[in-house]
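Comments concern the structure below.
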Amino acid sequence: MKNKIKKTLKLSPQAEASLEQRLTKLRPIEHVQVKEAGDTIEEINQKSNIGELLFQSDIVLTNQQLRDIEEDVEEEISEGNNRTKRQAFRDGRYPNTIWANGVNYYFDYSASQKVRSVFKKGAREWEKDTCINMRENAGGTAAHELGHALGFFHTMSRHDRDSFITLNTHNVKPDWLDQFTKQTPQTNENYGITYDYGSIMHYGGTR
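Next comes the structure, spelled out in structure tokens:
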């Protein structure tokens, strides 16, 4: 699977040349985390020792989601791209997949008060920007992971991401390539919202 994903991420010779030219005009970014409030998503994934087992390092997939992603990867690398596209998410499954009754969550007994507090702050951020209510039954990192729980992929996995960023695979660890697997218009509905470089679901820039 990883080799197939790597194949879909390979830049054309023209794109490689364009990237090299643009890189000569950029200055290195040491770190973009302005106010330290714990590890970043990337740092947590690297230290977790389970990131390589999860999709995009922090997403647990259902069997159906895994089959859908495998199908998309196969479709992208197949010659002619003649496979029948699936229905768009909002047309094929909507409204059965929305959270009409809110999202329930609970904390493991081992979660510290600080962890619980950060998670609740992340939940409030999603409540503020969406119509989804978060409820406990029985920050940035928490908000990011809640985004995955709500069905969001990383921003840099948008189907139109190549119009906004250039993925330099030379700067990506081989085991992290799936974090940049591009979605399709059928699996990624952006509702006309443009690419957000500052999204909570976007990785920060590093050297």
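Numbering of the sequence shown is given in the working numbering, commencing with residue 10 and proceeding in unit increments. Think of the CB as a built atom: it goes at the ideal place given N, C-alpha and C, for glycine as much as any other residue. All values derive from a computational prediction rather than experimental measurement.
Collapsing the DSSP output to three states places Met-143 in a strand.
Counting along the chain, Asn-113 sits inside the beta strand (DSSP E) bounded by residues 112-114.
CA-CA distance, Val-112 to Ile-78, rounds to 24 Å. The C-beta of Ala-152 has 16 or more other C-beta atoms within 10 Å across all chains shown, which makes the residue buried. Non-local C-beta neighbours of Leu-186 in its own chain, meaning closer than 8 Å and more than five positions away in sequence, comprise Lys-11, Ile-14, Lys-15, Leu-18 and Thr-178, ordered along the chain. Within the model, the alpha-carbon separation for Glu-80 versus Gln-73 is close to 11 Å. Beta-bridge analysis with DSSP links Phe-64 to Ile-68. Annotation for Thr-139: no residue places its beta carbon closer than 6 Å to its own, counting only its chain and skipping 5 residues before and after. When the alpha-carbon of Thr-193 is set against those of Thr-164, Ala-132 and Phe-128, the nearest one is in Thr-164. In the structure shown, Arg-31 adopts helical secondary structure according to DSSP, grouped into three states.
Runs of beta strand (DSSP E) with 3 or more residues, each lying fully within the segment 154-209, are absent. Leu-63 sits away from Thr-175, with the two beta carbons spaced by 9 Å or more. Judged by DSSP in its simplified three-state form, Asp-81 adopts helix.
Rounded to the nearest angstrom, the Cβ distance from Tyr-115 to Glu-145 is 6 Å, consistent with a contact under 8 Å. Distance from Lys-191 to His-168 at the Cβ level is roughly 6 Å; contact confirmed, criterion being Cβ atoms closer than 8 Å. Straight-line spacing of the CA atoms in Gln-188 and Val-69 works out to 13 Å.
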